[in-house]
Amino acid sequence: MFAHSITAPTGQRQADKAQDQFEKSVPPPAHQQSSVDLVKLKSDADELVILSQSIHSGIDNVEKGMLPKDLIDKLKQMEKLTKRLRSELTP
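If you count the sequence shown from 1, position 1 lands on 780 in this note's numbering, and the numbers rise without skipping.
This is the structure in structure tokens:
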């Protein structure tokens, strides 16, 4: 038996070459992530951790019948931070 190598028709090779050239000429998509301030995101996330811990402690006081005066403010601040983080990270 004869071993034949299968080659693509000339037109197909030209089309493949044109496709390769086109792909090289198209710039990569701009990711929104590049404009995200990672230092600010980290800082906001750290603040969320601190707020969460203090809210947890405040809830312990609520169980004892005492409402810490700053608990509602901390919950509002936590909500603002989570909204900001979500808007920064959502494309």
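Glycine is no exception: its CB is placed at the ideal position from the N, C-alpha and C atoms. Please read these numbers as outputs of a predicted model, since none were measured by experiment.
For residue i, three-class secondary structure by DSSP
i	result
VAL815	coil
LEU846	coil
THR789	helix
THR869	coil
Residue i to residue j span [Cα, whole Å]
i	j	result
GLN811	LEU817	The pLDDT assigned to GLN811 is 49, lower than 50, so where the model puts this residue is not dependable; a value taken from the coordinates is nonetheless given after this. C-alpha separation (whole angstroms): 12 Å.
PHE801	LEU864	37 Å
LEU860	GLN798	46 Å
VAL815	GLU842	40 Å
SER831	ASP795	56 Å
ASN840	ASP823	26 Å
LYS853	ILE838	12 Å
THR869	LYS862	10 Å
LYS855	SER804	49 Å
8 Å Cβ cutoff met for residue i and residue j
i	j	result
LEU820	MET857	no
ILE834	LEU846	no
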